[in-house]
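Participant:
Residue numbers (the working numbering): 489 to 628.
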C-alpha cells in the first residue's frame, strides 16, 4: 500500500512540474520568438542601409527613387545579395518593414526597448515614431 501511495504522489508531482514548465516556459518561448523577429528585421534594415551606402560611395549620391522598388533595384545593381523578406519602407528618414500582425509588431518594438504601454505598433506614416522598427500601414 505504501508503494502505491508513493507512486501516485510521484506521478502527481511530475504532472505538476510539467504543467509549471509549460506555463512559465511559454513566456520564455514567446519572448525568444519576438527577439528572433527583432533580429531578423534589424538585419534586413541594416542590409538595405549597407546597400544604400555602397550606392552612395559609388555614385556620390543616394538613389533618386525612394519607393518600394528601391530594394529590388539595389539587388539588380549588386548592392544587395538578396532582398530581405517583407515589404520595406525606405525613405530619407528611415528604413523599416511593414508588419501586418500587430502582436508581432508590438513584440518587435518591445524587444527594441521601446515603451509599448501607450502605442504598441504605430502607423508607418506617423513622424513621431520614425525610430521604431515595427510599424503598420494604415488601410487606404
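Glycine included, C-beta positions come from ideal geometry on N, C-alpha and C.
#1: Pick out whichever of 612, 613, 619, 543 has its Cα sitting closest to the Cα of residue 603.
#2: Can you give me the C-alpha to C-alpha distance between residue 495 and residue 522, rounded to a whole angstrom?
#3: Starting from residue 596, follow the alpha helix (DSSP H) in both directions and report where the run begins and ends.
#4: What residues match up with residue 623 in a beta bridge as DSSP calls it?
#5: Among residues of its own chain, excluding the 5 on either side of residue 532, which ones have a beta-carbon nearer than 6 angstroms to its beta-carbon?
#6: Count the other C-beta atoms from every protein chain shown that fall within 10 angstroms of the C-beta of residue 585, then say buried if there are 16 or more, exposed otherwise.
#7: Decide if residue 597 is buried, meaning its Cβ has at least 16 other Cβ atoms within 10 Å, or exposed.
#8: With a cut-off of 8 angstroms on the beta carbons, I'd call residue 557 and residue 563 a contact; round off their distance for me.
#9: In angstroms, rounded to a whole number, what distance separates the CA positions of residue 566 and residue 526?
#10: Suppose you measure from the CA of residue 617 to the CA of residue 536; what does that come to, to the nearest Å?
#11: Touching or not, the region 497 to 506 and the region 545 to 555, by the rule of three or more beta carbon pairs under 8 angstroms?
#12: Using the C-alpha atoms, what's the distance from residue 574 back to residue 592?
#13: Looking at C-alpha atoms only, which residue of 576, 547, 528 is the closest neighbour of residue 559?
#14: In whole angstroms, what is the alpha-carbon distance linking residue 594 and residue 534?
Facilitator: In short:
#1: 619
#2: 40 angstroms
#3: 590 to 599
#4: 586
#5: 572
#6: buried
#7: buried
#8: The pair is not a contact, with the Cβ atoms about 10 angstroms apart (cut-off 8 angstroms).
#9: 26 angstroms
#10: 20 angstroms
#11: no
#12: 13 angstroms
#13: 576
#14: 20 angstroms
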